[in-house]
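**Student:** Counted the way our numbering counts, the sequence shown spans residues -15 to 418. Even for Gly, the Cβ is constructed at its ideal location relative to N, Cα and C. Bear in mind the structure is a predicted one, so any value in this text is a computation, not a measurement.
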Amino acid sequence: MKEKLALFGGPKAVNETFPLYNPIGTEEAEAAKRVVESGALSRFLGSWHPDFYGGEKIQAFELAWAQHFRTKHAVSVNSATSGLIAAVGAIGIEPGDEVIVSPWTMSASATAILVWNAIPVFADIETETFNLDPVQVEKAITPYTKAVMVIDIHGHPAQLDEIMAIAKKHNLKVIEDCAQAPHALYKGRYAGTVADIGVYSLNYHKHIHTGEGGMCVTNDPALADRMQLIRNHAEAVAEDKGVTDLSNMIGFNFRMCEVEAAIGIEQLKKLPRLVENRQAVAQRLTQGLQGLRGLRTPIIRSDCTHAFYKYPMVLDIAMLGVPRAKLISVLEAEGVPGLGGGYVNVHRYPMYQKKIAYGRNGFPWTAPAYKGKASYERGICPNAENLHDERFFGIEMCEHQFSERQIDLVIKAFQKVWDNLDQLRENPTTTKVA
Ligand SMILES: *Cc1c(COP(=O)(O)O)cnc(C)c1O
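(1) So what's His65 in DSSP terms, helix, strand or just coil?
(2) Figure out for me which residue from Trp402, Pro141, Ala220 has the closest Cα to the Cα of Gly172.
(3) Can you name the residues that DSSP bridges to Asp161?
(4) In terms of residues, what are the limits of the alpha helix (DSSP H) holding Leu323?
(5) Where does Tyr342 land, buried or exposed, given buried means 16+ other C-beta within 10 angstroms?
(6) So, at 7 Å on beta carbons, what are the nonlocal neighbours of Ala15 in its own chain, with the 5 sequence-adjacent residues on each side left out?
(7) Where does Tyr336 sit, in a helix, a strand or coil, going by DSSP?
(8) Does the region 371 to 378 come within contact of the region 323 to 330, defined as at least 3 CB pairs closer than 8 Å?
(9) Restricting to Cα atoms, I'd like to know which of Asp136, Val259, Val99 is closest to Leu116.
(10) Could you tell me the alpha carbon to alpha carbon distance between Glu82 and Pro104, rounded to whole angstroms?
(11) Where does the unbroken alpha helix (DSSP H) through Val243 begin, and where does it stop?
(12) Would you kindly check if the distance between the Cβ of Ala163 and the Cβ of Lys190 is under 8 Å?
(13) With 16 other CB atoms within 10 Å as the buried threshold, where does Leu(-9) fall?
(14) If we count the other Cβ atoms within 10 Å of its Cβ and call it buried at 16 or more, is Gly46 buried or exposed?
(15) What residue range is occupied by the uninterrupted beta strand (DSSP E) comprising Thr177?
(16) With DSSP as the reference, please indicate the residues paired to Leu279 in a beta bridge.
(17) First and last residue of the alpha helix (DSSP H) that includes Pro348?
(18) Could you check which residue in Lys400, Ala317, Asn370 has the C-alpha nearest to that of Gly(-7)?
(19) Out of curiosity, what's the CA-to-CA distance linking Leu(-11) and Ala58?
(20) Are the region 386 to 406 and the region 264 to 279 in contact at 8 Å, needing three or more beta carbon pairs?
(21) Can you determine whether any heavy atom of ligand 1 sits closer than 7 Å to the C-beta of Ile181, and answer yes or no?
(22) DSSP on Thr414, reduced to helix/strand/coil?
(23) According to DSSP, is His384 helix, strand or coil?
(24) Mind checking which residues open and close the beta strand (DSSP E) that includes Pro104?
(25) For a quick check, are the C-beta atoms of Gly67 and Val183 less than 8 Å apart?
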């Protein structure tokens, strides 16, 4: 027997609010307290001095991170955005260079390129994992291309070996934005450690956090050195440190505090368990949703694991006969939390559409240093555009804590809505009622 949809006055399938996701515990509180009581909340000095590399907690956190992720160097920063900026500067980008990047990402991935007056060139994504399609990356290469910024979006690693091979062939550097995929595996290696530089986020909304924060990893000591300089007033330190390559030695203050580093050390210890719990929850959800017609549950490649920052799904609208917005409002009425239709198409932001970033006159696109013709027209990334406009929807996994029982309620809500699809088709003008 069909149960009446909550949207039409029936009982909600999920009649409770789930607790907010919170990875912070007493270990973090005590670690932070000890630093606060010491009075030394940051030990960084922006001059050539042993404290140029930060205090005890910063150094311990970086060491622990490098060991955990099996990389030679880890450079802490005050956000992944800062980390991406440091990474793009470190690889020696020149104004007017092009960097190929996915449009299906947080704005900061592409902004980090513009900060150095380089030009983001958007290549389309593949529809399976929503990551950069290596074929499209190769097509987007021009004489001006210097690097690729690949994103492990929603927690699934991109096709990293293919992209690294293309980069090698064309002499490009690769930066991996791994903000959403800490602890995900790619062919036995951690996401973030395959490219020349990997950048993780420690922002409140991510798997583990320090409030704000980020970490850059690399196996190249020269890149680590340049990121450490950009992090900490490079231009003021260059002479005393004997820096010979002054390119992009425009230093910011991207330094993390000792308090955050102390919290980060505790958070890192919890990362495997937090991600594995989420993988178990996602697997249960997938088992429950698998049979629903016209709904594609997340694809996990056989040589990868998924960190499930988001639980990404794709709808077959023609088969369902119900538009995405309506399905979402019906599921929301049933009490399913964290639903969202579409994702980001960075190239469609006004800054790109109008090509106005620095000042009013189109800089850096109009700068003499830029010889290319990057286009941000609709249609340049058809997969990303179509998925965003019509077919993609996901559940935020970092907003709420999901227990097995709660996941079963979510599954029940989906099943109930799918049982009533006929009814939704028959009432094409139905809107959400209070
Ligand atoms: C969150 C996020 C960032 C930015 O991280 P912050 O630490 O908040 O600066 C960058 N890229 C992606 C893909 C993200 O999800």
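**Tutor:** With the given structure in hand:
(1) Counted from its first residue, the sequence shown places residue 65 at position 81. For the record, residue 65 in the displayed sequence is Thr; it is not His. Residue state, collapsed to three classes: helix.
(2) Within the sequence shown, residue 172 is the residue found at index 188, counting from 1. It is Pro141 whose Cα lies nearest to the Cα of Gly172.
(3) Numbered from 1 along the sequence shown, position 177 holds the residue referred to as residue 161. Ile135, Val183, per the DSSP bridge assignment.
(4) Taking the first residue of the sequence shown as position 1, residue 323 is located at position 339. Not the alpha helix (DSSP H): Leu323 falls in the beta strand (DSSP E), residues 323 to 325.
(5) Here the question's residue 342 lines up with position 358 in the sequence shown. So Tyr342 counts as exposed.
(6) For this step, residue 15 is matched to residue 31 along the sequence shown. For Ala15, where only same-chain residues beyond five positions count, the Cβ hits under 7 Å are Ala246, Ile247, Ile249, Glu250.
(7) Position 352 of the sequence shown, counting from 1, holds the residue named residue 336. Looking at Tyr336 - three-state DSSP - the assignment turns out to be helix.
(8) yes
(9) By 1-based counting over the sequence shown, the position of residue 116 is 132. Per the Cα distances, Asp136.
(10) For the purposes of this step, residue 82 is taken as the residue at position 98 of the sequence shown. For the purposes of this step, residue 104 is taken as the residue at position 120 of the sequence shown. Their Cα atoms are separated by approximately 6 Å.
(11) As a working note, residue 243 is residue 259 in the sequence shown. Segment 242 to 273, the alpha helix (DSSP H) holding Val243.
(12) For the purposes of this step, residue 190 is identified with residue 206 of the sequence shown, where counting begins at 1. For the purposes of this step, residue 163 is identified with residue 179 of the sequence shown, where counting begins at 1. Cβ distance < 8 Å, so Lys190 and Ala163 count as in contact.
(13) By 1-based counting over the sequence shown, the position of residue -9 is 7. So Leu(-9) ends up on the buried side.
(14) The residue you call residue 46 lines up with position 62 of the sequence shown. The question names Gly, but residue 46 in the sequence shown is Glu. It is buried - the Cβ of Glu46 has at least 16 other Cβ atoms within 10 Å.
(15) For the purposes of this step, residue 177 is taken as the residue at position 193 of the sequence shown. Counting along the chain, Thr177 falls outside any beta strand (DSSP E), and DSSP gives it neither H nor E.
(16) Taking the first residue of the sequence shown as position 1, residue 279 is located at position 295. Partner(s): Leu299.
(17) As a working note, residue 348 is residue 364 in the sequence shown. No alpha helix (DSSP H) contains Pro348, which DSSP labels as neither H nor E.
(18) Locating residue -7 in the sequence shown gives position 9, where the first residue counts as 1. Closest option to Gly(-7), Cα to Cα, is Ala317.
(19) Numbered from its first residue, the sequence shown carries residue -11 at position 5. Numbered from its first residue, the sequence shown carries residue 58 at position 74. Rounded to the nearest angstrom, the two C-alpha atoms are 51 Å apart.
(20) yes
(21) As a position in the sequence shown, residue 181 is number 197, starting the count at 1. No, Cβ of Ile181 sits at least 7 Å from all heavy atoms of ligand 1.
(22) For this step, residue 414 is matched to residue 430 along the sequence shown. Only weak support exists for where Thr414 lies, its pLDDT of 49 falling under 50; the value from the coordinates is given anyway. Thr414: coil per DSSP, three-state reduction.
(23) As a position in the sequence shown, residue 384 is number 400, starting the count at 1. DSSP places His384 in strand when its eight states are reduced to three.
(24) Counted from its first residue, the sequence shown places residue 104 at position 120. That run of the beta strand (DSSP E) goes 103 to 106.
(25) Here the question's residue 67 lines up with position 83 in the sequence shown. Here the question's residue 183 lines up with position 199 in the sequence shown. Taking 8 Å as the Cβ cut-off, Gly67 and Val183 qualify as a contacting pair.
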